[in-house]
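Below is one structure, written out as structure tokens, with a few remarks after it.
Protein chains: 2
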Amino acid sequence: MSVKYKLVVEQMEKEILEGKYAFNTKLPTEDELMKKFDVSRNTIRKAIDILVDQGYVYQVQGSGIFLREFSKPGCITMKNMVGLTREFPEDEMTSKLLEFDLIEADEQLAAQMKCKVKTKLYYVKRVRYLNDEPFVIEESYFNKDTIIFLNKEICEGSIFEYITEELKLNIGFADKVISADKLEQEDATLLGLQEGDPTLVVENTVFLNTGVIYDFSREKFHYSSAKLLTLTTK
Amino acid sequence: MSVKYKLVVEQMEKEILEGKYAFNTKLPTEDELMKKFDVSRNTIRKAIDILVDQGYVYQVQGSGIFLREFSKPGCITMKNMVGLTREFPEDEMTSKLLEFDLIEADEQLAAQMKCKVKTKLYYVKRVRYLNDEPFVIEESYFNKDTIIFLNKEICEGSIFEYITEELKLNIGFADKVISADKLEQEDATLLGLQEGDPTLVVENTVFLNTGVIYDFSREKFHYSSAKLLTLTTK
DNA sequence: TATAATTTGTCCGTATGTATA
DNA sequence: TTATACATACGGACAAATTAT
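Read top to bottom, the protein sequences are chains A and B.
Residue numbers for the first sequence follow the UniProt record's numbering, so the first one is 1 and each next one is one higher.
Residue numbers for the second sequence follow the UniProt record's numbering, so the first one is 1 and each next one is one higher.
The following block contains the structure:
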């Protein structure tokens, strides 16, 4: 595991986060980066492409590579597939497992997860707290055909790590549908809000790299404390 | 303007939209695409990268290129910088100009647009209707230093086209911060909703390719008819 | 204002590694 | 195990946009 462009990305990301460059100032040119990392131009350009995609930098033809203002404070960046633990390094993120069950897919779930009706699914409901304040309610459905085993203990830790490290599955991509809605009584109570108050809803459909859906989840965020960030590039 | 990889993207996008391939089925291999379009492997890979980014296809090493289920019906894809006219080809999108003014930036706007207080800004407030139903309230601020001229007529057409075609400015990238909020009385009326009802809010900060902010806008969507879609790739 | 140098963008060819079928 | 197909990496050439002279 010594992919050159990834090493370049990691090193440059580190330098950027350490504050080595100021916003809208020039970074080293591609030529200089080639010499610095002793790799080809293609490798540098591949690494820069990733940094552009992640919103760290932008390039201007004929001019150079510039630092972009990134990470609006308190925002959850949507570029990550899953797991918001790392988004708030300064804050304390805890979670409480409310429900854990093995159920069968009804028609609606089967349609959303592109599986057959009555397919066995693990159902997990959690509330996550940011500095002891309720932040998001999370309901997940995992297809048992792919996630062959799950239990409460795993759900109280990191499901993501279990899937990638233990089951050695390769997560590929995800769809996220974002909307707003009125809270029902039960969810409102969990978030410390009133029935009918707004909530920011994110529905995730998560695929393995093979195109198989293994997870569908619905997150209901506390409307006044959650902000999502997406970056677009040309 | 005959950039090869863009021609490949356009042609493949066309074939995909015409339904030439079924979901999760294999597309031609990179090798076959090279021959079909008579270009190098790098050019094919660059084109495929874009199609992957747009959510059309995914690649599996050693296996092939597969069609991904894209475009959830009725969703606004966030991959586009600006302009939702094209998102609803089947439906009729109209808009009404509510306010047009030349104002001066207060402290908050100056901070958001990274300009000096009292910088001249064009202020535009519109409501947009989807099939005659109110869909979104849009408030935009354009920095007059960059957008040197704007009038009501332009605002009633496509501001985006005016900026790119007439002013020949090169739009580079955008930040989008998504949240949910309670509607105030005035906005609720415009959307045909009640005060206190939810709204899906998107705040856009739009940059030229040089890193200069020329536009800040806030969109308040009708909570029950608007859904945003973001796609993540590894 | 015009020209040259700099810097990124596009495109080609080749070789080898790695995952999948 | 072998063949296929995508992933990584190198090199070179020229075009286009910006910046410096």
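Beta carbons: idealized from backbone N, C-alpha and C, even for Gly.
It should be emphasised that the depicted structure is a prediction, and the values quoted were computed from it without experimental measurement.
May I ask you to report which of helix, strand or coil DSSP gives glutamine 54 of chain B?
coil
With DSSP as the reference, identify every bridge partner of cysteine 75 of chain A, one or two as the case may be.
Beta-bridge pairing links cysteine 75 of chain A to A:Lys227.
Considering only C-alpha positions, which residue in the set B:Asn170, B:Val136 and B:Phe160 is nearest to leucine 183 of chain B?
B:Val136
Since alanine 174 of chain A meets chain B, which of its residues come closer than 7 angstroms, beta carbon to beta carbon?
Thr232
Excluding the 5 residues preceding and the 5 following isoleucine 44 of chain B in the sequence, name in chain order all residues of the same chain whose CB lies nearer than 6 angstroms to its CB.
Glu30, Leu33 and Met34
One or two residues paired with glycine 64 of chain A in a DSSP bridge
A:Val60
Buried or exposed for leucine 98 of chain A, please, with buried defined as at least 16 other CB atoms from any protein chain shown within 10 angstroms of its CB.
exposed
Answer with buried or exposed for alanine 111 of chain B, where buried requires no fewer than 16 other C-beta atoms within 10 angstroms of its C-beta.
exposed
Using C-beta distances below 6 angstroms, list every residue in its chain close to leucine 228 of chain A, excluding the 5 sequence neighbours before and after it, in chain order.
Ile76 and Met78
Would a C-beta distance cut-off of 8 angstroms place tyrosine 141 of chain B and leucine 109 of chain B closer than the cut-off?
yes
Quick one: does aspartate 181 of chain B have its CB under 8 angstroms from some CB of chain A?
yes
Using a Cβ-Cβ cut-off of 7 angstroms (strictly less than) and excluding sequence neighbours within five positions of tyrosine 162 of chain A, which residues of its own chain qualify?
Ile154
Helix, strand or coil for asparagine 42 of chain A per DSSP?
Residue state, collapsed to three classes: helix.
Proximal chain A residues relative to tyrosine 223 of chain B, where beta-carbon distance stays under 9 angstroms
Ser179, Ala180, Asp181, Lys182 and Pro198
Give the DSSP-derived three-state secondary structure of threonine 25 of chain B in the structure shown.
coil
Would you mind sorting glycine 62 of chain A into buried or exposed? The rule is 16 or more other CB atoms within 10 Å of its CB.
exposed
Quick check on DSSP: helix, strand or coil for methionine 12 of chain B?
helix
Segment limits, alpha helix (DSSP H) that includes leucine 102 of chain B:
Careful: leucine 102 of chain B lies outside any alpha helix (DSSP H), inside the beta strand (DSSP E) at 93 to 104.
Proximity winner among B:Ser217, B:Leu7, B:Glu104 and B:Ile50, relative to lysine 118 of chain B (alpha-carbon distances):
When the alpha-carbon of lysine 118 of chain B is set against those of B:Ser217, B:Leu7, B:Glu104 and B:Ile50, the nearest one is in B:Glu104.
For the alpha helix (DSSP H) containing isoleucine 154 of chain B, list its first residue and its last residue.
For isoleucine 154 of chain B, the enclosing alpha helix (DSSP H) starts and ends at 152 to 156.
With distances taken between CB atoms, is the gap from alanine 150 of chain B to tyrosine 122 of chain B smaller than 8 angstroms?
The amino acid at residue 150 of chain B is misidentified as alanine; the sequence shows leucine. Yes, the Cβ-Cβ distance between leucine 150 of chain B and tyrosine 122 of chain B is below 8 angstroms.
What three-state label does DSSP hand glutamate 133 of chain A in the structure shown?
strand
Extent of the continuous alpha helix (DSSP H) to which lysine 35 of chain A belongs
30 to 37
Pop quiz: valine 60 of chain A and valine 39 of chain A are said to be a contact at Cβ under 8 angstroms. What is the actual Cβ separation, rounded to whole angstroms?
About 22 angstroms separates the two Cβ atoms, so there is no contact after all.
Cutoff 8 angstroms: asparagine 24 of chain B Cβ touching any chain A Cβ
Chain A, which has a Cβ nearer than 8 angstroms to the Cβ of asparagine 24 of chain B, makes this yes.
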